[in-house]
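Residue numbers (my numbering), protein chains in the order written: chain R, 1 to 192; chain Y, 1001 to 1192.
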């Protein structure tokens, strides 16, 4: 998505070789008009796929999934809640994931009520790095007997291996901006 | 908002006298089409007020603020991040608030970059209980020299005193569904 790549180059702050901050329009302050363009593009990328529900994870994924839902004709949006490993998990599907930015383990929880057998669920997130979050969400989908319709993120850091890992697991992965490398603050996107 | 009251009565689960769970359409699973109606109503309630920015707090407020923004003609949406009291807070405005549902103290943080002097900022959240969260967000707005344009929530639990407290502080408070009491699971709305 050209406009997204341009915006990342203009406003993103690359820190070292791993961290990309997009706080001005995706992660802290949200540009909703721009998110609508992101949502439209996600819907276009998955126009050949049946999507009964969108699953994301708090907090940053919520805005993207909520704004995108309109372009998928309003499927329910569910967000996984993050909690410490010792939190009560009655009647929830859970999966552990390591936070890339914070380094700690956390548990993703989704009430069993909101994952139904046979549903086709699209996983949406802001970033795809090592794929930890997506693997956890996919595990929750499958625990409930539902299908992973696809996995999409706004920004993929390809060099961290997430999309390769998820494709090897058999998932359909389509991301909007794919970063090949960040080298001392310089961002290079993958060729289309 | 009549449709909201009806939906709360139909799908909300009142637990004891204090807790209301609306996980099926606001807090865990999100009905985006319905949230658009909520957003429209918020914009109608504040049509006489200048809104330059919307401020909310992760996680549940994000969906409401993101969907509502369209009806306010797309002001930037900023969400405060919650962290433990010992987290680094460089270059952030911070305020402490006690979580009603979790009981612990947490710190709300907003980067100084995203609150500008003189801006008129509308505070949006899912619930208003004792008003703790709104007081913290209003404090952040004012720390940055901006003005609180108003405070709105989807569901107010009036008997917990939040709106009275905030109005005494001089804020304009307009909520969508106002609950007068919850008594052994029975919800009573305030008269209009």
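Virtual Cβ for every residue (Gly too), placed ideally from N, Cα, C. Note that the coordinates shown come from a computational prediction; the quantities given were computed from them, not determined experimentally.
Scanning Y/1072, Y/1018 and Y/1164 for the CA closest to the CA of residue 1047 of chain Y turns up Y/1072.
With a threshold of 8 Å between beta carbons, residue 111 of chain R makes contact with chain Y.
Beta-bridge partners assigned by DSSP to residue 128 of chain R: R/156. Where residue 13 of chain R is concerned, the enclosing beta strand (DSSP E) starts and stops at 13-15.
For the pair residue 151 of chain R and residue 179 of chain R, the CB atoms are not nearer than the 8 Å cut-off. As DSSP reads the structure, residue 1060 of chain Y sits in no beta bridge. Contact residues of the segment 1010-1029 of chain Y toward chain R are 1023, 1028 and 1029 (C-beta to C-beta distance below 7 Å). At least 8 Å separates the beta-carbon of residue 1026 of chain Y from that of residue 1093 of chain Y. At a cut-off of 8 Å between beta-carbon atoms, residue 58 of chain R makes contact with chain Y. For a cut-off of 8 Å, the C-beta gap from residue 1058 of chain Y to residue 1079 of chain Y is around 5 Å, short enough to register as a contact. Where residue 1072 of chain Y is concerned, there is no enclosing alpha helix (DSSP H), because DSSP gives it neither an H nor an E. DSSP places residue 1115 of chain Y in the coil class of the three-state scheme, outside both helix and strand. Annotation for residue 34 of chain R: the continuous alpha helix (DSSP H) segment containing it runs 32-45.
Scanning R/15, R/50, R/66 and R/61 for the CA closest to the CA of residue 1033 of chain Y turns up R/66. Short of 7 Å from the beta carbon of residue 36 of chain R, and not among the five residues preceding or following it, lie these beta carbons of its own chain, in chain order: 67. Beyond the five residues adjoining it in sequence on each side, residue 172 of chain R comes within less than 6 Å, by CB distance, of 150 in the same chain, given in chain order.
Shown here, residue 1191 of chain Y sits in coil according to DSSP, grouped into three states, outside any helix or strand.
In this model, residue 1119 of chain Y and residue 1052 of chain Y are separated by some 6 Å (Cα to Cα). When CB distances to chain Y are screened at a threshold of 8 Å, the residues of the segment 74-85 of chain R falling below it are 74, 76, 77, 78, 79 and 81, in chain order.
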